[in-house]
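Asker:
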Amino acid sequence: MSIISAIRESHPLIHAITNPVTIESVANMILASGAAAICADDAHEAAEVASVVDGLLLNTGMPNNAKMDAMLRAGAEANRRGIPVVLDPAGAGVSSYRKEFLHTLMSHVQMTCIRGNLSEMAALAGVTFPSRGVEASGIDLPQTALMELADRYHTILAVTGTVDLVVTSDAVREGRTGTPLLTRITGAGCMLSGLVTAALSAQCHKTQSAADIIYEVLNLYGRTAQETEEEIRAREISGTITFRNALIDAVSRM
């Protein structure tokens, strides 16, 4: 059974505490995959919502203290129930506040997967580098450092970029799909994190390892992005927002 078929068969509900900049795109990608989304980021209801969902997505694109409270409460409930938790550490290296925010979150919540670019992973690993915001900065990080990071937090890393990596404490798998157009839209990574959460929350996790599911999702997303770019260029309507919308449409048609 394909990942998308598995998602549609089980129709998981995803609790997304995510970046307001990309929240609509993330929710639409989750819906396109066959899952459903609820975006509840107030601490007063975070744990209660997490008690009835199938997976939790935490995105730190616009962190604040109130959101930290909500994420910690939702994360604690998700861990208690044993449901998947995916962290998207957007802009991890931008500020000392953001680094401390992520350190606190990762120290208290067990993450099934951390999905980010190399610069974000470098920040989590404590590597100092120049940052220009939430996008990748071209930093090079040894695979051994990524494996150590995965081991430290007992999680799986989904590292996206020119070469995608799925990293566990003892293995690294590479994928080479995607298109540079993904770097020209806000939310490409956020949408992928939503898709990863949906897949991990579907029933396929009972027959496949989490690392295998994540690897399959990254390849699916990259191939779909390539095919989508080719499709819109053939129609001579190759704008970036057209690409984003067509990418969501392509997932919905699978």
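1325 is the number of the first residue of the sequence shown in the working numbering; add one for each residue after it. All C-beta atoms, glycine included, are put in the ideal place defined by N, C-alpha and C.
Consult DSSP for valine 1410 and reduce its assignment to one of helix, strand or coil.
Answerer: strand
Asker: Is the Cβ-Cβ distance between leucine 1429 and leucine 1448 less than 8 Å?
Answerer: no
Asker: Applying the criterion that 16 or more other CB atoms from any shown protein chain within 10 Å of the CB defines a buried residue, is glycine 1563 buried or exposed?
Answerer: Classification for glycine 1563: exposed.
Asker: How is isoleucine 1354 classed by DSSP in three states: helix, strand or coil?
Answerer: helix
Asker: Which two residues bound the contiguous alpha helix (DSSP H) that contains histidine 1335?
Answerer: Where histidine 1335 is concerned, there is no enclosing alpha helix (DSSP H), given that its DSSP letter is neither H nor E.
Asker: When you compare only the Cα positions, how much space is there between glycine 1502 and threonine 1548?
Answerer: 8 Å
Asker: Answer with buried or exposed for isoleucine 1328, where buried requires no fewer than 16 other C-beta atoms within 10 angstroms of its C-beta.
Answerer: buried
Asker: Around the Cβ of glycine 1358, are there at least 16 other Cβ atoms within 10 angstroms (buried) or fewer (exposed)?
Answerer: buried
Asker: Is serine 1525 closer than 8 Å to isoleucine 1338 when the C-beta atoms are compared?
Answerer: Yes.
Asker: Along the chain, where does the alpha helix (DSSP H) containing arginine 1404 start, and where does it finish?
Answerer: 1389–1405
Asker: Under a three-way DSSP split, which group does asparagine 1343 fall into?
Answerer: coil
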